[in-house]
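Notes for the one structure printed next.
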Amino acid sequence: MKILVIGGGGREHAIVRALKRSPQAPELLCIPGNPGIAEDARCIDMSLEPADVVAFAQGEEVDLVVVGPEAPLVAGMVDAFAGTGIKAFGPSAQAARLEASKSFSKDVMIAAGVPTGGYEEVGSVAAGMAAIDSYPAVIKYDGLAAGKGVVIAQSESEARAALAAMIEERRFGTGKILVEEYLDGDEVSLFALCDGVRAIPMTPAQDYKRIFDGDQGPNTGGMGAYTPVPGVPDVDELCALVHQPIVDEMARRGTPFHGVLYAGLMLTADGVKVLEYNCRFGDPETQAVLPRLKSDLVDLLARASVRGGLEGASLQWSERFAVTIVLASAGYPVSSSSGDVITGLAAAASGAEVTHAGTAIAGSDVVTAGGRVLNVTALGVGPEGAREAAYAAADKIAFAGMQCRRDIALRAAERVI
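All residue numbers for the sequence shown refer to our numbering, where the first residue is 32 and numbers rise by one.
See the structure below:
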């Protein structure tokens, strides 16, 4: 079997590694890939225009295409493969609106009866300020914003500045703005594999969004994650509450959802509420989740690409915990440093799975080439065992200005103890 993965970050490297573990021993290709992925798959640096990718896949006689990032999905990458005979894992452009438009996503949630926070669409700073009853308040840009379209305003001045940036400065375009109810509690990520008819839950994960220990400093794309999460309700019950109703509603609308439906959940005092949906595997949660998967990912993704294909499917998981540590470059998340030589990769890989997120090749060296540079994932007995193994491996890697949080999964370890 020949599989083409679209994307070039840590998430895609984790997907490639999981596909490589399949007993089917697939031949793996990746567009565009990165230096780490190049060790596990043939990487091709080419256009991501859907028509170009389809032509390439046909020429290579690819059997399955797996789309990692949201942008190609929203651009219709999966739609482009319709009628080609090549299976494509991921939602159509219409179904990907669950991530591309927070307004659309809220509309679907309400129609499906999924619990979520209150919200109001606004088109001006004045309207946005009037919609805020209390602080903190959540202000979201309606469309894709590369993880930078959400502000949790702690004060009137912060809210006004966020609204002005999104509306008046058009920082993220001309889309609508949502003012949402602030929800308090433990945040959890739960993926479900979907075949247009049913949703099958994966294992819950928890990520760490702020740059510094103790959840201090600005938000990032994610500084680490772990799975499973102690104290989370039964995943089958959660899936029945927050995933299956969305799959049913999307099918009712004539836009069946295939692929991964990522639910960002808040476990509040009033029960589970959905913060947002994404239409692909999350990053860095995927780097923690997939190493625990014992089932054949190749089989699961191929089946999910066919309407009703997951009937009778079940997912098997390792009993061990997984902890992922993100190593970020100097200046991140405000800026990033590139060209810094990375050492210790081979030593770290002897005790953990090291996936590349923002790296490049300079001569004979691997160097930094982005904000989040590497992910280090280890499995262990309980969260403490996984933490020890992950940090032992991460500490073997070095590059100028390297940043990493030291408290990933610490709360989980303390809860178990």
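For each residue, glycine too, the CB sits at the ideal point set by N, CA and C.
Here the structure is a predicted model, which is why all the values come from computation and not from measurement.
Taking D215 as the centre and dropping the five residues before and after it, the same chain places the C-beta of T299 closer than 7 Å to its C-beta, in chain order. Three or more Cβ pairs closer than 8 Å define a contact, and the stretch 104-123 falls short of that threshold against the stretch 138-155.
Inclusion of A335 and L341 in the CB contact set at 8 Å is warranted, their separation being smaller than that value. Per DSSP, G411 lies in no alpha helix (DSSP H) segment; the continuous beta strand (DSSP E) that holds it begins and ends at R403 to G411.
Nearest C-alpha to I68 among N309, A319, R436 and L405: L405.
Of the residues assessed, R283 falls on the exposed side of the cut-off, its CB having fewer than 16 other CB atoms within 10 angstroms.
Boundaries for T355: no alpha helix (DSSP H) harbours it, while the beta strand (DSSP E) harbouring it runs F352 to A359, taken from the DSSP string. Within the same chain, and ignoring the five residues on either side of L296 in sequence, the residues whose Cβ sits closer than 8 Å to its Cβ are E218, V219, S220, L221, L269, V273, V303, K304, V305 and L306. Counting only runs of at least 4 residues, the stretch 102-188 fully encloses the following alpha helix (DSSP H) elements, listed from N- to C-terminal order: 108-111, 128-131, 133-143 and 156-162. Cβ neighbours of V47 within its own chain (closer than 7 Å, five residues either side excluded): V36, L59, C61, I68, D71 and A72. For A300, no beta strand (DSSP E) run applies, since DSSP gives it neither H nor E. The Cβ atoms of A113 and A82 do not sit closer than 8 Å to each other.
Cβ atoms of A388 and A409 stay farther apart than 8 Å, at about 17 Å. Per DSSP, V96 is one residue of the beta strand (DSSP E) stretching across L95 to V98.
In the DSSP assignment, H387 falls within the beta strand (DSSP E) that extends over E384 to H387. Annotation: G339 is outside any alpha helix (DSSP H) and is labelled neither H nor E by DSSP.
Secondary structure of L60 (DSSP, three-state): strand. Note that the stretch 76-91 does not touch the stretch 411-420; fewer than 3 beta-carbon pairs, one per stretch, sit closer than 8 Å. Of the candidates K137, P122, G375 and A359, the residue whose Cα lies closest to the Cα of G255 is A359. For the stretch 229-314, the continuous beta strand (DSSP E) assignments of 3+ residues that do not extend past its boundaries occur at 230-232, 241-243, 247-250, 255-258, 289-299 and 302-309, in sequence order. DSSP, reduced to helix, strand and coil, places E211 within a strand of the structure shown. When the alpha-carbon of A106 is set against those of A168, R191, L79 and A294, the nearest one is in L79. Sequence-distant Cβ neighbours of Y293 in its own chain, meaning closer than 6 Å and more than five residues away, are F222, N309 and G313. When DSSP states are grouped into helix, strand and coil, E70 belongs to the helix group. One alpha carbon belongs to F243, the other to A124, and they sit about 36 Å apart. DSSP, read as helix, strand or coil, puts I392 in strand.
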